[in-house]
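**Student:** With this note's numbering as the guide, the letters of the sequence shown map in order to residues 1 to 482. Note that CB positions come from ideal geometry on N, CA and C, so glycine has one too. All values reported here derive from a predicted model rather than from experimental measurement.
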Amino acid sequence: MMEKSFGGIGRRTVLKAAGAAGLMAATGAWAAGSRKRYAVVGVGSRARMFTNAMTGKFRDTSEVVAICDRNAGRLARAVKLITETGASQPRGYGAADFDRMIRETRPQFVIVTTTDASHDDYIVRALEAGCDVITEKPMTTTAEKAQRILDAVKRTGRQVRVTFNYRYSPPRTQIKELLMSGEIGDVISVDFTWLLNTVHGADYFRRWHSDKAMSGGLMVHKSTHHFDLVNWWLGAQPETVHAFGSRQFYTPETARRMGLSGPHERCLTCPEKQKCNFYFDLAADPGLKALFLDNEKYDGYYRDQCVWRPEINIEDTMNVMVRYDNGAHLNYSLTAYDAWEGYHIAFNGTKGRIEHRIVESGGAAGAAKVQSGSENVSIRVIPLRGQPRDIEPIIGKGSHGGGDDVMLTEIFGDAPADKYKRASDERAGAWSALVGVAANKCFETGQTVRIADLVTGLTPPDRAPMPDRRAPVPMPVRVKIP
Ligand SMILES: NC(=O)c1ccc[n+]([C@@H]2O[C@H](COP(=O)([O-])OP(=O)(O)OC[C@H]3O[C@@H](n4cnc5c(N)ncnc54)[C@H](O)[C@@H]3O)[C@@H](O)[C@H]2O)c1
Numbered sequence: 001m002m003e004k005s006f007g008g009i010g011r012r013t014v015l016k017a018a019g020a021a022g023l024m025a026a027t028g029a030w031a032a033g034s035r036k037r038y039a040v041v042g043v044g045s046r047a048r049m050f051t052n053a054m055t056g057k058f059r060d061t062s063e064v065v066a067i068c069d070r071n072a073g074r075l076a077r078a079v080k081l082i083t084e085t086g087a088s089q090p091r092g093y094g095a096a097d098f099d100r101m102i103r104e105t106r107p108q109f110v111i112v113t114t115t116d117a118s119h120d121d122y123i124v125r126a127l128e129a130g131c132d133v134i135t136e137k138p139m140t141t142t143a144e145k146a147q148r149i150l151d152a153v154k155r156t157g158r159q160v161r162v163t164f165n166y167r168y169s170p171p172r173t174q175i176k177e178l179l180m181s182g183e184i185g186d187v188i189s190v191d192f193t194w195l196l197n198t199v200h201g202a203d204y205f206r207r208w209h210s211d212k213a214m215s216g217g218l219m220v221h222k223s224t225h226h227f228d229l230v231n232w233w234l235g236a237q238p239e240t241v242h243a244f245g246s247r248q249f250y251t252p253e254t255a256r257r258m259g260l261s262g263p264h265e266r267c268l269t270c271p272e273k274q275k276c277n278f279y280f281d282l283a284a285d286p287g288l289k290a291l292f293l294d295n296e297k298y299d300g301y302y303r304d305q306c307v308w309r310p311e312i313n314i315e316d317t318m319n320v321m322v323r324y325d326n327g328a329h330l331n332y333s334l335t336a337y338d339a340w341e342g343y344h345i346a347f348n349g350t351k352g353r354i355e356h357r358i359v360e361s362g363g364a365a366g367a368a369k370v371q372s373g374s375e376n377v378s379i380r381v382i383p384l385r386g387q388p389r390d391i392e393p394i395i396g397k398g399s400h401g402g403g404d405d406v407m408l409t410e411i412f413g414d415a416p417a418d419k420y421k422r423a424s425d426e427r428a429g430a431w432s433a434l435v436g437v438a439a440n441k442c443f444e445t446g447q448t449v450r451i452a453d454l455v456t457g458l459t460p461p462d463r464a465p466m467p468d469r470r471a472p473v474p475m476p477v478r479v480k481i482p
């Protein structure tokens with residue numbers, strides 16, 4: 001039987017949580033009012049990184065005062081788990097009570113970790129209510145939504161931070177350092193290939209991400225990270241985009257060619273689960289079971305939908321060309337059915353080339369997560385007509401190549417001023433999401449898209465200083481030219 005709703009979550013859960021909180025207050029474990037106040041909207045997988053930080057390492061400076069989710073089961077579970085840490089006693093609210101949550105619990109910051117297409121709505125409402133916002137990537141999924149956010153920031157004078165954690169992974173910061181040093185001169189072209197394997201890559205086709213209306217497709221949901229990296233690495237703004245995209249692997253036809261009778265609804269009830277090596281056992285992972293399977297009754301969302309379904313409308317094969325406002329060209333590709341997972345990128349400059357590669361998962365099945373060690377990360381500088389130089393990569397610890405930890409310290413802790421300017425605001429969020437939006441448009445029309453035609457009033461973000469593109473360039477060493 002469902003519990004009776006009370007502030008969006010079950011009353012029994014609230015009473016239990018209040019008991020634990022009362023104990024913490026009595027023992028003086030937190031001092032009311034001395035910490036920064038946060039509310040979190042969308043308490044699925046990703047939210048835990050933020051709530052764990054606030055109830056763990058940063059519990060003395062941060063308080064989770066409220067959480068909100070449209071799924072009553074996930075909401076109740078998150079209230080319980082956070083309260084059990086003894087660090088915070090959040091109040092739980094359903095999606096319809098978001099504005100009331102802000103009025104009643106007065107957070108200074110709202111952290112947005114809902115599905116991508118709903119970010120803009122919560123960002124704008126939080127800004128209007130006088131809060132600053134920390135939002136997960138992609139900041140948003142369409143040009144219209146990006147415009148709403150840009151306008152709301154101007155209107156309210158509040159701040160938005162987009163958590164581009166990829167920037168913080170130490171080897172990527174090393175690349176930024178090398179580019180800033182001018183060692184390869186001005187970057188004229190970039191060649192960037194990102195591979196998703198048939199384990200992690202396939203997962204996008206099982207979840208809400210497989211619906212473009214919710215995620216913007218991989219061009220927005222996933223590539224926003226990659227376009228942001230290039231925008232930040234180059235310290236330049238994307239100007240013009242041309243792209244091709246299609247879905248060729250995750251299709252009913254591929255299922256049949258692999259010997260299945262065709263697509264089914266989901267893995268849990270699949271009549272061909274023994275035959276399909278893309279079968280995903282949602283019940284086998286206790287964390288995912290508790291988050292999704294046990295809470296299906298509240299919203300009907302299946303976390304294990306068939307990857308071969310005909311209604312999937314996102315691409316698995318994408319090629320994009322971007323011209324930047326400083327003249328640089330980017331050649332980018334993303335595929336989602338690869339034999340290994342990771343990326344390689346090359347920057348071609350007036351003085352040389354940087355090659356950088358990270359293998360995240362490898363193996364014949366493409367399944368095993370590779371230990372992040374220096375053997376899986378490489379950085380090489382090749383001067384024009386000179387000897388290549390391998391650079392020892394700095395290997396981070398923890399999720400997303402160690403980037404998450406560094407970023408969380410900057411958000412919740414005391415981090416020194418950052419010469420790489422990794423913190424991103426709504427402008428960086430828009431510049432990267434709009435490359436994906438432009439690519440999506442191009443998939444439909446075949447026409448080149450100018451970012452300036454998508455939104456108005458978008459200015460360059462604050463950037464770390466890059467080498468002067470008008471500075472003299474040394475003549476490369478003389479070699480015998482046949
Ligand atoms: N930076 C990264 O590396 C990274 C990694 C994973 C996810 N993310 C981002 O984090 C966000 C969340 O992803 P996730 O993997 O946690 O998804 P998820 O499906 O695990 O969780 C989303 C949660 O939001 C709730 N929700 C959805 N729509 C809502 C609405 N309109 N109102 C209130 N609640 C709503 C769902 O019920 C669910 O609990 C996404 O934007 C995703 O792109 C970022």
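1. Let me know if D281 comes out buried or exposed under the rule of 16 or more other beta-carbons within 10 Å of its beta-carbon.
2. With a CB to CB cut of under 6 Å and the five nearest residues on each side skipped, what residues in its chain are close to Q305?
3. What does the alpha-carbon distance come out to for the pair Q387 and L229?
4. Which of helix, strand or coil does DSSP assign to M502?
5. Can you determine whether any heavy atom of ligand 1 sits closer than 6 Å to the C-beta of D211, and answer yes or no?
6. Between G182 and the rest of its own chain, which residues show a CB-CB distance below 7 Å, the 5 nearest in sequence each way excluded?
7. By the three-class DSSP mapping on this structure, what secondary structure does W308 have?
8. Measuring only the C-alpha atoms, how far is D132 from A53?
9. Is there at least one non-hydrogen atom of ligand 1 closer than 6 Å to the beta-carbon of T142?
10. Compare the Cα-Cα distances from L384 to each of R422, F347, A283 and G262 and report the closest residue.
11. Within 6 Å: the Cβ of D132 and any heavy atom of ligand 3?
12. If you drop the 5 nearest sequence neighbours on each side, which residues of the same chain put their C-beta closer than 6 Å to that of G73?
13. The beta strand (DSSP E) with E63 in it runs from where to where?
14. Less than 6 Å between C-beta atoms, sequence neighbours within five positions excluded: which residues of the same chain meet that for T163?
15. If you compare alpha carbons, which of N71, R77, Q447 and R59 is closest to A87?
16. If the criterion is Cβ atoms closer than 7 Å, does the pair A438 and V455 meet it?
17. Which ranges would you report for the alpha helix (DSSP H) in the region 186-220 if only whole runs of at least 4 residues count?
18. Mark N277 as exposed unless 16 or more other C-beta atoms lie within 10 angstroms of its C-beta, in which case mark it buried.
19. With H, G and I counted as helix, E and B as strand and the rest as coil, what does DSSP make of R470?
20. Closest to F292 by CA distance: which of T61, S62 and R70 is it?
21. Taking the alpha carbon of H356 as the point to measure from, which residue in N376, V43 and Y337 has its own alpha carbon closest?
22. Which same chain residues end up closer than 8 Å to G366 when comparing Cβ atoms and leaving out the 5 residues on each side of it in sequence?
23. In the DSSP assignment, find the beta strand (DSSP E) that holds Y343 and state where it starts and stops.
24. Using a Cβ-based criterion (distance less than 6 Å to any ligand heavy atom), does D405 qualify as near ligand 1?
25. Does T140 pass the burial test, meaning 16 or more other C-beta atoms within 10 Å, or should it be called exposed?
26. Name the two residues that bound the continuous alpha helix (DSSP H) containing K176.
27. Taking Q89 as the reference, which of R125, S118, L268 and A39 has the closest Cα?
28. Ligand 1 heavy atoms versus the CB of A516: any closer than 6 Å?
29. Can you have a look at V477 and say buried or exposed, based on whether 16 or more other CB atoms are within 10 angstroms of its CB?
30. Could you check the C-alpha separation between L434 and E360 for me, to the nearest Å?
31. Classify Q447: buried if its beta carbon has 16 or more other beta carbons within 10 angstroms, exposed otherwise.
32. From this set, M101, N231, T224 and A290, which residue's C-alpha is nearest S492's C-alpha?
33. Bridge partners for R91 per DSSP, in chain order?
34. Which value, in whole angstroms, describes the spacing of the CA atoms of V473 and G56?
35. How is the beta strand (DSSP E) around I382 delimited, first residue to last?
36. Can you name, in chain order, every residue of its own chain whose Cβ lies under 8 Å from the Cβ of R161, other than the five neighbours on each side?
**Tutor:** So, from the data block:
1. Against the sequence shown, residue 281 aligns to sequence position 281. Looking at its Cβ environment, which holds fewer than 16 other Cβ atoms inside 10 Å, D281 is exposed.
2. The residue given as residue 305 occupies position 305 in the sequence shown. Answer for Q305: R206 and R266, listed in chain order.
3. In the sequence shown, residue 387 corresponds to position 387, counting from 1. In the sequence shown, residue 229 corresponds to position 229, counting from 1. Distance between the alpha carbons of Q387 and L229 is about 27 Å.
4. Here the chain has residues from 1 to 482 only, and residue 502 is not among them.
5. Position 211 of the sequence shown, counting from 1, holds the residue named residue 211. No, the Cβ of D211 stays beyond 6 Å of every heavy atom of ligand 1.
6. Taking the sequence shown and counting its residues from 1, the one referred to as residue 182 is at position 182. P467, listed in sequence order.
7. Position 308 of the sequence shown, counted from the first residue, corresponds to residue 308. Coil, per DSSP.
8. Mapped onto the sequence shown, residue 132 falls at position 132. Mapped onto the sequence shown, residue 53 falls at position 53. Straight-line Cα distance between these residues: approximately 18 Å.
9. Indexing the sequence shown from 1 puts residue 142 at position 142. Because no heavy atom of ligand 1 lies under 6 Å away, the Cβ of T142 does not count as near it: no.
10. The residue labelled residue 384 in the question sits at position 384 within the sequence shown. Answer by Cα proximity: F347.
11. For the structure depicted, ligand 3 is absent and the ligand set comprises only ligand 1.
12. For the purposes of this step, residue 73 is taken as the residue at position 73 of the sequence shown. Cβ within range, chain order: N295 and Y298.
13. Position 63 of the sequence shown holds residue 63. It spans S62 to C68 - the beta strand (DSSP E) in which E63 sits, taken as one unbroken run.
14. By one-based count along the sequence shown, residue 163 stands at place 163. Closer than 6 Å at the Cβ level, and outside the excluded window around T163, lie E136.
15. Sequence index remark: in the sequence shown, residue 87 carries index 87 (1-based). The option with the nearest alpha carbon to A87 is R59.
16. To locate residue 438, count along the sequence shown from 1; it is residue 438. To locate residue 455, count along the sequence shown from 1; it is residue 455. Cβ distance not < 7 Å, so A438 and V455 don't count as in contact.
17. 200-203 and 212-215
18. For the purposes of this step, residue 277 is taken as the residue at position 277 of the sequence shown. Looking at its Cβ environment, which holds fewer than 16 other Cβ atoms inside 10 Å, N277 is exposed.
19. Counting from 1 along the sequence shown, the entry for residue 470 is found at position 470. R470 falls in the coil class under three-state DSSP.
20. In the sequence shown, the residue the question calls residue 292 occupies position 292. Out of T61, S62 and R70, R70 has the C-alpha closest to the C-alpha of F292.
21. Counted from its first residue, the sequence shown places residue 356 at position 356. Ranking the options by Cα distance to H356, first place goes to N376.
22. Within the sequence shown, the letter at position 366 stands for residue 366. With a pLDDT of 48 at G366, under the threshold of 50, the predicted position of this residue should be treated as unreliable, and no value is reported.
23. Position 343 of the sequence shown, counted from the start, is the residue given in the question as residue 343. Element bounds for Y343: E341 to G349.
24. Residue 405 sits at position 405 when you count from the first residue of the sequence shown. Outside the cutoff, so no.
25. Start at 1 with the first residue of the sequence shown, and residue 140 comes out as number 140. So T140 counts as buried.
26. Numbered from 1 along the sequence shown, position 176 holds the residue referred to as residue 176. Unbroken alpha helix (DSSP H) run through K176: P170 to S181.
27. Counting from one through the sequence shown, the residue named residue 89 turns up at place 89. Q89 has its Cα closest to that of A39, out of R125, S118, L268 and A39.
28. It is not possible to answer for residue 516, since the shown part of the chain is limited to 1 through 482.
29. Residue numbering aside, residue 477 sits at position 477 when the sequence shown is read from its first letter. Exposed, because fewer than 16 other Cβ atoms sit within 10 Å of the Cβ of V477.
30. To locate residue 434, count along the sequence shown from 1; it is residue 434. To locate residue 360, count along the sequence shown from 1; it is residue 360. Using only the alpha carbons, I get a separation of about 27 Å.
31. Locating residue 447 in the sequence shown gives position 447, counting from the first residue. Exposed, by the Cβ-count rule.
32. No statement about residue 492 is possible, as the shown extent of the chain runs from 1 to 482 and does not include it.
33. If you number the sequence shown from 1, residue 91 lands on position 91. Its beta-bridge partners are A66.
34. Translated into positions along the sequence shown, residue 473 becomes position 473. Translated into positions along the sequence shown, residue 56 becomes position 56. Taking the straight line from one Cα to the other gives about 50 Å.
35. As a first step, residue 382 is located in the sequence shown; it is residue number 382 there, counting from the start. Segment V377 to P383, the beta strand (DSSP E) holding I382.
36. The residue you call residue 161 lines up with position 161 of the sequence shown. If we look at R161 and ignore the five residues flanking it on each side, its Cβ neighbours are D132, V133, I134, T135, I411, A423, S424 and D425.
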